[in-house]
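Below is one structure, written out as structure tokens, with a few remarks after it.
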Amino acid sequence: MVDIGVNLTDHAFSADRDNVIAQAFEAGVTSLIVTGTNLNESHQAVKLCQQYNPGLWCTAGIHPHHAKEWNEHHLAELKNLTHEQCVVAIGETGLDFNRNFSPPEQQLFAFEQQLKLAAEVALPVFLHERDAHTEQLKLLKQYRPHIQGGVIHCFTGNREELENYLELDLYVGITGWICDERRGLHLQELVKLIPENRLVLETDSPYLLPRTLRPKPKSRRNEPRHLTHINQQIAQMLELSESELAKRTTDNANRLFKLN
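Numbers in this note's numbering are just positions in the sequence shown, counted from 1, shifted up by 1044.
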């Protein structure tokens, strides 16, 4: 299986990163895509991939929370990182108007710069969006003809938003959020609307520990090995075998990120 979104550079994994990766591989999650959320973490993600090759790939980008840090140096550095074979997407990029850790105008600028970069280097985009769907969709429609596809990471939106992303022929990343009986019930219906060739799975670890996981780890830390649990839960919702869903989502991830 492929976990398309793992924050392996997070300090939560500092003490036992080797073990976390080993346990993921043992569980059958043998391909991990490490998320780059700022320039420093994108460099760290590349180093991790080089250290643990094969099995690890990464994205390189600037999360909207860090958009206020953007300058021409960032653009040049990100472009240099795309020369590394392990870098398979531009991101995590997009818009987040929920907390506005960076002003909206700076988010829009950094996002557009990364869409242009993705078009130039022929890589897909790894997308984040929260409370900014209209603005994000406008930019995506403008640049979609020029980029090599992408995935809306950790999708938690509504049906209209899902349909908008699917109309742009994007992939949809589903996390353990779908296992949350408080916030994820709507996703249990929406996941049935995602075409079988557009669904990909992710843990977004160390965040979003599935609430249906038993026993729960004492640390409450999510790990890539728990992707098997997410796969199990969604397979039941889709009335598929776990192996069939694992094959579909793995094929989709391999196709999107050209892992093979």
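We put the CB at the ideal spot given by N, CA and C, even for glycine.
Quick caveat: nothing in here was measured; it's all calculated off a predicted structure.
(request) With DSSP as the reference, label H1172 as helix, strand or coil. (result) strand
(message) Report the CB separation of L1100 from V1064 in whole angstroms; it is logged as a contact under 8 angstroms.
(response) So it is not a contact: roughly 12 angstroms between Cβ atoms.
(request) Measuring alpha carbon to alpha carbon, tell me which of N1124, L1234, Y1209 and T1294 ends up nearest G1105. (result) N1124
(request) Could you pull the start and end residues of the beta strand (DSSP E) that S1285 belongs to? (result) Careful: S1285 lies outside any beta strand (DSSP E) and carries neither H nor E.
(message) Do Q1276 and E1283 count as a contact pair if the criterion is CB distance below 9 angstroms?
(response) No, they are not a contact pair.
(request) Classify Y1251 as helix, strand or coil using the three-state DSSP reduction. (result) coil
(request) Can you give me the start and stop residues for the beta strand (DSSP E) that A1056 sits inside? (result) Note, A1056: premise wrong, no beta strand (DSSP E); not H, not E.
(message) Comparing C-alpha positions only, which one of A1290, D1060 and R1299 sits nearest to G1072?
(response) Cα-wise, what sits closest to G1072 is A1290.
(request) Would you give the residue range spanned by the beta strand (DSSP E) that V1064 belongs to? (result) According to the DSSP assignment, V1064 belongs to no beta strand (DSSP E) but to the alpha helix (DSSP H) extending over R1061 to A1071.
(request) Could you tell me whether the Cβ atoms of F1145 and D1175 are closer together than 9 angstroms? (result) no
(request) Could you tell me if D1213 is buried or exposed, where buried requires 16 or more neighbouring beta carbons within 10 angstroms of its beta carbon? (result) exposed
(message) Looking at the secondary structure, which residues open and close the beta strand (DSSP E) in which L1100 lies?
(response) L1100 to A1104
(request) For D1086, name the three-state secondary structure that DSSP assigns. (result) The sequence shown places Ser at residue 1086, not Asp. It is helical.
(message) Checking the sheet assignment: what are the DSSP bridge partners for Y1187?
(response) Partner(s): none; Y1187 has no beta bridge.
(request) Have a look at the DSSP bridge pairing and note the partners of T1137. (result) Bridge partners of T1137 according to DSSP: L1171.
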